[in-house]
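Undergrad:
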Amino acid sequence: MQMGLFDWFKALSGGDEKSAASASASLTGAIKEEAAIKGLDFVAAIEAHRKWKDRLAAYVDGTSGEKLDQGVICRDDQCTLGKWIYGEGLAQTGNLPTFHQVKAKHAEFHVNAGQVVEAVQSGHQDNAHKMLHEGSFAKSSRDVQTLLSRLYLEIQ
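Just so we're on the same page, this note's numbering is the position in the sequence shown counted from 1, plus 20.
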């Protein structure tokens, strides 16, 4: 099924993560170029934050070679989205309530990612696994994707 960018964002903004995830691979380069507005590639930002789940899952399972630093991960101003939120995004869309929801949920996402790493480093893999798949990290990850999609649709 070929899904257009607008439909992809609509599916995500309504919380339909599964449809959007399966359609993500079918988004062509030309369509993805449309995702860059107001200084942010919204598709890339959503996909980057989706990939955190895979990275953290490998870390929790002990199959990752990465050395993750909880102190860095919990900072919401270090990734591309965070830099946009505290810079151009604030300047261009800071008047929108959805922007402030994105900002808050994005900060929560990074705190939760840091907590997963901290749990692993403390030897609490079961707790980390639970946070990752059904707890605080899983919820904040979905929320960031949904809110970014809503913001995109709002400013489109």
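Each residue gets a CB set at the ideal place from its N, CA and C atoms; glycine is no exception.
1) Quick one, which of S84, V80, G82 and H69 has its alpha-carbon nearest D96's?
2) Going by C-alpha distance, which of Q176, L25, L32 and E128 is nearest L116?
3) Looking at the unbroken alpha helix (DSSP H) that takes in D81, where does it start and where does it end?
4) Taking only the alpha-carbon atoms, compute the straight-line gap between A158 and I105 and give it to the nearest angstrom.
5) Just to check my reading of the structure: N132 and A139 have Cβ atoms closer than 8 Å, yes? What is that Cβ distance to the nearest angstrom?
6) Go ahead and label V122 buried or exposed: buried means 16 or more other beta carbons lie within 10 angstroms of its beta carbon, across all protein chains shown.
7) Which residues mark the beginning and the end of the alpha helix (DSSP H) in which H126 is found?
8) Using 10 angstroms around the beta-carbon of A111, count the other beta-carbons present and answer buried if the total reaches 16, otherwise exposed.
9) Count the other CB atoms within 10 Å of the CB of H153; is the residue buried (16 or more) or exposed (fewer)?
10) Assuming G109 contacts F119 (C-beta within less than 8 Å), just tell me the rounded distance between them.
11) Between the C-alpha atoms of V137 and H149, what's the straight-line distance to the nearest angstrom?
12) Distance, Cα to Cα, Q135 vs Q90?
13) I need the straight-line Cα distance from L32 to A64, nearest angstrom please.
14) Please classify A78 as buried or exposed, where buried requires at least 16 neighbouring CB atoms within 10 angstroms.
TA: Short version:
1) By one-based count along the sequence shown, residue 96 stands at place 76. Selected option, being the one with the closest Cα: H69.
2) Translated into positions along the sequence shown, residue 116 becomes position 96. Cα-wise, what sits closest to L116 is Q176.
3) Here residue 81 refers to the residue found at position 61 when the sequence shown is read from its first residue. F62 to D81 is the span of the alpha helix (DSSP H), which, as asked, contains D81.
4) What you label residue 158 is simply residue 138 of the sequence shown in a count that begins at 1. What you label residue 105 is simply residue 85 of the sequence shown in a count that begins at 1. A straight line joining the alpha-carbon of A158 with that of I105 spans about 21 Å.
5) For this step, residue 132 is matched to residue 112 along the sequence shown. For this step, residue 139 is matched to residue 119 along the sequence shown. The Cβ separation is near 11 Å, so there is no contact.
6) Along the sequence shown, one-based indexing puts residue 122 at 102. Counting Cβ neighbours within 10 Å, V122 comes out buried, since at least 16 surround it.
7) Reading the sequence shown from its first residue, position 106 is the one you call residue 126. Counted as a single uninterrupted DSSP element, the alpha helix (DSSP H) harbouring H126 occupies residues P117 to Q141.
8) Working through the sequence shown from its first residue, we reach residue 111 at position 91. A111 comes out exposed.
9) Against the sequence shown, residue 153 aligns to sequence position 133. That one is exposed.
10) Taking the sequence shown and counting its residues from 1, the one referred to as residue 109 is at position 89. Taking the sequence shown and counting its residues from 1, the one referred to as residue 119 is at position 99. About 7 Å separates the CB atoms of G109 and F119; that is less than 8 Å, so the two are in contact.
11) Counted from its first residue, the sequence shown places residue 137 at position 117. Counted from its first residue, the sequence shown places residue 149 at position 129. Their backbone Cα atoms lie some 10 Å apart in a straight line.
12) One-based indexing of the sequence shown puts residue 135 at position 115. One-based indexing of the sequence shown puts residue 90 at position 70. Rounded to the nearest angstrom, the two C-alpha atoms are 7 Å apart.
13) Translated into the one-based positions of the sequence shown, residue 32 becomes position 12. Translated into the one-based positions of the sequence shown, residue 64 becomes position 44. When rounded, the distance between both Cα atoms is 14 Å.
14) The sequence position of residue 78 within the sequence shown is 58, counting from 1. Exposed, because fewer than 16 other Cβ atoms sit within 10 Å of the Cβ of A78.
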